[in-house]
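Printed below as a string of structure tokens:
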């Protein structure tokens, strides 16, 4: 077994264990922490594929910003432990059926469409250097990039509008 | 990977970690002595000559203290939180170069642990995950004051991280690279603080907020939250939080010196490459003195004003700084 494959398998096991822990944990803070471990493992996967920019951006944005807000909300609301009694009894069997379906579909697609060697291939040259990545984002992919930025801007403006205090309360 | 290369990395990492730990010990002494002078006191001067052994005495005292874990605390996270706080502080300076390459025993060594092409982003990444230790410490203590301190820390660090990240972009634009070695080399003739005075000020303010130092030490405001997120910690665990704060002080001074004050650049560097680390150390000490000076002078600001300052003043200013820098770069053709 080569070193690359060994590292890949270790990371894959960590990522899958963390994902399982995220679902199985009854404490939401632990779930959030498992998700962070999962993000970190995936980031290291990007790193061994030779895409340092993507790896670090993954950690900064997902593990560093989004998950911090998740934890913040969990702690602020005191929602660490959900109620033991399940409200929707049909939810669990349905989740098993749907989850199984997507797993079968994914494995089928992986076996028929993608060859196994893809996992150990390095990422394309563009991702290795932040400079070439930036140039290709602003030239070849400028339209999708702009569209994504406009969508994010709309979401940000939406958040501001939703949380703004209504003005008419002022005088009363 | 050869054994020699592995050994080189191991030695360099050890130098960084040991240097940071010893640095932490003496920054505490430095701060206490300088703070005492500001307040017309003498400060600790009994242990050893001029108080030189004071950090050793402090460490011994903390080791022999009783290590308490509250009964209702979440034990795993309570123990893990101090470790999660210290590790990012120790690894953040891994990409900062200490000097030009030097030749030892007929072999050339670069004076940094590693020089990656996304160095500046690496620093931001480590900063962004350094929040967890403090937040989790606050939550796992199962204490109202600690939880409030942890929540304050989270909100504050998230808010100031934006301005901090944007302040990095000025030097990156000027150097045309995210590698810190390249950024230092680009400052050979003129330091970036000359082109980026606003960026340097934004960097300093937002990093002080990021490491929860006075006047932004809301998460541990003694008068309101007793001691904030570390109120339930004692002994070595408490010492680890302290260690993280002081190592972060050194780290932000090192990074600030590298981004804006020319890093290891200085006169006669071409003839004597070993002067590099000395110049860097001098710049770090000057910046550390600035941090202590700020702490001794400014009162803590109110929490809502702190958030408003971060979002309504610092963040737009940082954006404006980038816009102007980019425009000038295009017009001058840098």
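Residue numbers (the working numbering), protein chains in the order written: chain E, 1480 to 1651; chain F, 1383 to 1716. Don't be surprised by glycine CBs; every beta carbon is placed ideally from N, CA and C.
Report the rounded CA-to-CA distance for residue i versus residue j, giving the unit in angstroms.
i, j, result
"residue 1505 of chain F", "residue 1472 of chain F", "12 Å"
"residue 1498 of chain F", "residue 1609 of chain E", "11 Å"
"residue 1628 of chain F", "residue 1461 of chain F", "20 Å"
"residue 1583 of chain F", "residue 1644 of chain F", "15 Å"
"residue 1494 of chain E", "residue 1647 of chain F", "43 Å"
"residue 1619 of chain F", "residue 1441 of chain F", "12 Å"
"residue 1664 of chain F", "residue 1617 of chain F", "33 Å"
"residue 1454 of chain F", "residue 1522 of chain F", "9 Å"
"residue 1400 of chain F", "residue 1619 of chain E", "47 Å"
"residue 1572 of chain E", "residue 1394 of chain F", "54 Å"
"residue 1639 of chain E", "residue 1633 of chain E", "10 Å"
"residue 1599 of chain F", "residue 1403 of chain F", "22 Å"
"residue 1661 of chain F", "residue 1571 of chain F", "15 Å"
"residue 1616 of chain E", "residue 1624 of chain F", "43 Å"
"residue 1582 of chain E", "residue 1592 of chain E", "15 Å"
"residue 1559 of chain F", "residue 1669 of chain F", "25 Å"
"residue 1637 of chain E", "residue 1549 of chain E", "19 Å"
"residue 1496 of chain E", "residue 1511 of chain E", "14 Å"
"residue 1650 of chain E", "residue 1641 of chain E", "Only weak support exists for where residue 1650 of chain E lies, its pLDDT of 49 falling under 50; the coordinates are left without a value."
"residue 1489 of chain E", "residue 1501 of chain E", "18 Å"
"residue 1690 of chain F", "residue 1587 of chain F", "14 Å"
"residue 1686 of chain F", "residue 1529 of chain F", "18 Å"
"residue 1517 of chain E", "residue 1491 of chain E", "9 Å"
"residue 1501 of chain F", "residue 1531 of chain E", "10 Å"
"residue 1422 of chain F", "residue 1666 of chain F", "25 Å"
"residue 1714 of chain F", "residue 1605 of chain E", "28 Å"
"residue 1529 of chain E", "residue 1483 of chain E", "12 Å"
"residue 1575 of chain E", "residue 1626 of chain E", "36 Å"
"residue 1495 of chain F", "residue 1396 of chain F", "10 Å"
In the DSSP assignment, the alpha helix (DSSP H) including residue i goes from what residue to what residue?
i, result
"residue 1445 of chain F", "1436-1445"
"residue 1556 of chain F", "1526-1557"
"residue 1521 of chain F", "1513-1522"
"residue 1587 of chain E", "1570-1592"
"residue 1489 of chain E", "1482-1503"
"residue 1703 of chain F", "1697-1714"
"residue 1509 of chain E", "1507-1527"
"residue 1686 of chain F", "1685-1690"
"residue 1629 of chain E", "1621-1642"
"residue 1405 of chain F", "1385-1420"
"residue 1671 of chain F", "1657-1679"
"residue 1556 of chain E", "1546-1556"
"residue 1532 of chain E", "1531-1537"
"residue 1337 of chain F", "Within the shown structure, residues of chain F are numbered from 1383 to 1716, placing residue 1337 of chain F beyond reach of any answer."
"residue 1613 of chain E", "1609-1617"
State the CB to CB distance for the pair residue i and residue j, rounded to an integer number of angstroms; the pair is presumed to be in contact (CB under 8 Å).
i, j, result
"residue 1373 of chain F", "residue 1595 of chain F", "Only positions 1383 to 1716 of chain F appear in this structure, which leaves residue 1373 of chain F out of reach."
"residue 1445 of chain F", "residue 1470 of chain F", "Not confirmed; about 24 Å, so no contact."
"residue 1478 of chain F", "residue 1562 of chain F", "6 Å"
"residue 1695 of chain F", "residue 1597 of chain F", "That pair is no contact at about 15 Å."
"residue 1554 of chain F", "residue 1593 of chain F", "About 22 Å separates the two Cβ atoms, so there is no contact after all."
"residue 1525 of chain F", "residue 1613 of chain F", "6 Å"
"residue 1692 of chain F", "residue 1535 of chain F", "Going by Cβ atoms, the distance from residue 1692 of chain F to residue 1535 of chain F rounds to 13 Å, so no, they are not a contact pair."
Cβ atoms of residue j and residue i: under 9 Å apart, would you say?
i, j, result
"residue 1640 of chain F", "residue 1576 of chain F", "no"
"residue 1533 of chain E", "residue 1519 of chain E", "no"
"residue 1551 of chain E", "residue 1540 of chain F", "yes"
"residue 1429 of chain F", "residue 1438 of chain F", "yes"
"residue 1567 of chain E", "residue 1508 of chain E", "no"
"residue 1532 of chain F", "residue 1509 of chain F", "no"
"residue 1491 of chain F", "residue 1390 of chain F", "yes"
"residue 1527 of chain F", "residue 1610 of chain F", "yes"
"residue 1475 of chain F", "residue 1632 of chain F", "yes"
"residue 1657 of chain F", "residue 1481 of chain F", "yes"
"residue 1537 of chain F", "residue 1700 of chain F", "no"
"residue 1630 of chain E", "residue 1514 of chain F", "no"
"residue 1467 of chain F", "residue 1626 of chain F", "yes"
"residue 1717 of chain F", "residue 1420 of chain F", "Residue 1717 of chain F lies beyond the stretch modelled for chain F, which goes from 1383 to 1716, so this question has no answer here."
"residue 1487 of chain E", "residue 1524 of chain E", "yes"
"residue 1503 of chain F", "residue 1535 of chain E", "yes"
"residue 1347 of chain F", "residue 1432 of chain F", "No information on residue 1347 of chain F is available, as it lies outside the stretch 1383 to 1716 that chain F covers here."
"residue 1722 of chain F", "residue 1707 of chain F", "No information on residue 1722 of chain F is available, as it lies outside the stretch 1383 to 1716 that chain F covers here."
Q. Can you give, in chain order, each stretch of the beta strand (DSSP E) that sits fully within the segment 1465-1494 of chain F and has at least 3 residues?
A. 1481-1486 and 1489-1493
Q.
Suppose only complete runs of 3+ residues qualify. What are the beta strand (DSSP E) ranges in the segment 1576-1619 of chain F, listed by chain order?
A. none
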